[in-house]
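When the letters of the sequence shown are read in order and numbered with mature numbering (1 follows the signal peptide of the UniProt record, and there is no 0), they come out as residues -18 to -1, 1 to 402.
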Amino acid sequence: MKYIFFILLGLSFYHTNAQFASSYSNGQPDIKTEFPYNKAVVKGKRPNAKEKKSGKYKYFNELGELIRIETYKKGELISYKTIRPQAYYYDKDSNLIEFHRYDVFGFCASSSGDFFGTGGPKDCIEKYIYDKKGNLLEEQFFSKKNQLLNDPYNPAIIKYEYNSKGKLIKKSQLNDRRELLEDIVEMAYTTYIYDSLGNLIETNSYNSKGELSGSFYGASTIKRIYDNDNNMVEKRLLKPDGSLAGLDMAGAPIEKYRYNEKNLEIYSSGWTSETNKLGHFILEYGSDDLLKYRTYYGAKDSVNYFSKTEYIYKDGVVVGKKSYDKSGEIKSENYSKIEIEIEGWEVEGNLPDINKLDAFGTIEFVFQVDVEGNVIGYSLTKRAGGKSYMDFCQDTLNNLKFRRIDDSENLTGKITFNKI
């Protein structure tokens, strides 16, 4: 039996105090030079097929974190799951200084029945260095124990430089010898230019030779124009020769914006040229100045030339969205929620309000309980959500109690957070 526990819009249930023992080190250490690594090995012995045993077998890395679950039926391996534990470390100012990712590439069975790893850790550790003002100076990526990544297409170091006002003026991608990447597909370094009021007015990207270098769609320069209230009214993507670029991840070649008397954006449009309009958005606000509707009108010859979204709030925070078609009928409706799923167990507890979470999107954890139903650890399995999600997951699991409702031997569940 599968028990699914939904919490919509911060709804609370019966509260119990469950014991929690996290398998993560989320303290606030100094930056270290030595790191614990996951060696792609397992602890435990594979069941002998002659014994015809059934059940689930769990394997842990050298840090004691759950990395693999195997399910046997009468001595035969019928399924397995690998888990990617992750850990975050912060300094006393809550700056992220280390991120550990222990990738498990999978396991193969030898003729003797023993498991061995098919690969070792990759990009296992990221380090972040800040100045005294809290500005990020460097991101460093390690492929082996205390060794910077050696890859001609990916940076070992990303370096940030600032002006006297703390504005970012240059971002560089370097190899393990602290040289600009030469073979990188995108830009080796980018510069940022501001006006006297601190508005970003120009961004330029260069290759390792110091030449303007466009992205896949050709854009090497982004120029922005502002009105007297410092609202951006136009943005242009340009090629190295100054002509308009193509559609890019940064947006349309030309984007235009309008604002109301309260400086709230009420209109935006995208153009491929001075005369060819791609489409535009109309934004409407409520009496509280919160965005109520966002309507898209595409080019008449486009397939999806209309869409309308309504935003639903609770205490000033978006908790749901409704999507409408041209006739005004609801096409879809989504709300922030927490979903807990664990086979053979019933869930009780008081959950925190997901709408207070300062991050958005969907993230998934696998958690483990002991035979008494107490949570004893969890691992991130989908999308790195950062400290806010990690802490939110711990707070959530800390206030849950699991009660076995059938004879299932399952001790592992899944928790999914979806923040609109």
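Glycine included, each C-beta is placed from N, C-alpha and C at the ideal position.
How is residue i classed by DSSP in three states: helix, strand or coil?
i      : result
TYR208 : strand
LEU179 : coil
TYR188 : strand
THR257 : coil
TYR6   : Caution applies to TYR6, whose pLDDT of 28 falls short of 50 and renders its modelled position unreliable; the value that the coordinates give is listed next. TYR6: coil per DSSP, three-state reduction.
LEU229 : coil
TYR59  : First, the amino acid is wrong: residue 59 is Leu here, not Tyr. In the structure shown, LEU59 sits in a strand (DSSP, three-state: E or B).
LYS163 : As written in the sequence, residue 163 is Leu, which differs from the Lys given in the question. In this structure, LEU163 counts as coil in the three-state DSSP scheme.
LEU379 : helix
TYR171 : strand
TYR135 : coil
PHE87  : In this predicted model, PHE87 has a pLDDT of only 37, less than 50, meaning its place in the structure is not dependable enough to derive any value.
PHE17  : Low confidence applies here, because PHE17 scores a pLDDT of 25, under 50, leaving its location unreliable and the question unanswered by this model.
GLU237 : strand
SER93  : Because the pLDDT at SER93 is just 33, under 50, the model does not fix this residue reliably, and the value given afterwards should be weighed accordingly. Here SER93 sits in coil by DSSP.
Looking only at DSSP bridge pairs, what is residue i linked to?
i      : result
MET214 : TYR208
ASN400 : LYS319, THR344
GLN155 : ILE140
LYS244 : Beta-bridge pairing links LYS244 to no other residue.
LEU119 : In DSSP, LEU119 forms no bridge with anything.
PHE263 : SER250, TYR278
PHE384 : VAL329
LYS149 : DSSP lists no partner for LYS149.
GLY395 : PHE349
GLY37  : TYR54
TYR371 : For TYR371, which the question treats as bridged, DSSP gives no partner whatsoever.
Could you check how far apart the C-beta atoms of residue i and residue j are, in whole angstroms? I think they sit under 8 Å.
i           : j      : result
TYR171      : LYS153 : 6 Å
ASP271      : LYS313 : Between LYS313 and ASP271 the Cβ distance is about 27 Å, and since that is not below 8 Å, they are no contact.
GLY261      : LYS221 : Not really, about 23 Å apart at Cβ, beyond 8 Å.
SER305      : THR291 : 6 Å
GLY148      : GLU391 : Wrong, their Cβ atoms sit about 56 Å apart, outside the cutoff.
GLY355      : ARG386 : 7 Å
LYS396      : GLU346 : 6 Å
PRO334      : ASP377 : 5 Å
TYR278      : VAL301 : Not quite, the Cβ-Cβ distance comes to about 22 Å (not below 8 Å), so this is no contact.
GLY228      : GLY200 : 6 Å
ALA138      : ASN117 : The Cβ separation is near 20 Å, so there is no contact.
LYS259      : SER251 : 6 Å
TYR71       : ILE79  : 6 Å
residue 452 : LEU393 : Not covered by the structure: residue 452. The range shown for the chain is -18 to 402.
LEU155      : ILE140 : Per the sequence presented here, residue 155 reads as Gln, with Leu not at that position. Right, the Cβ-Cβ distance comes to about 6 Å (below 8 Å), so this counts as a contact.
ARG276      : PHE288 : With 8 Å as the limit, ARG276 and PHE288 do not qualify as a contact, their Cβ atoms being about 12 Å apart.
SER190      : LEU163 : 6 Å
ASN77       : TYR112 : 5 Å
PHE81       : GLU108 : 4 Å
Do three or more CB pairs link the region 321 to 332 to the region 296 to 303 at distances below 8 Å?
With the cut-off at 8 Å, the region 321 to 332 and the region 296 to 303 do not touch.
3-residue-minimum beta strand (DSSP E) runs that sit fully inside the region 266 to 351, ordered along the chain
273 to 280, 288 to 296, 299 to 306, 312 to 317, 319 to 325, 327 to 331, 343 to 351
Would the region 209 to 218 and the region 236 to 255 be scored as touching if the rule is three or more Cβ pairs under 8 Å?
yes
Using 8 Å as the Cβ pair cut-off and three pairs as the minimum, do the region 329 to 346 and the region 380 to 387 touch?
yes
Validate contact between the region 173 to 191 and the region 203 to 214 using beta carbons, cut 8 Å, 3 pairs
yes
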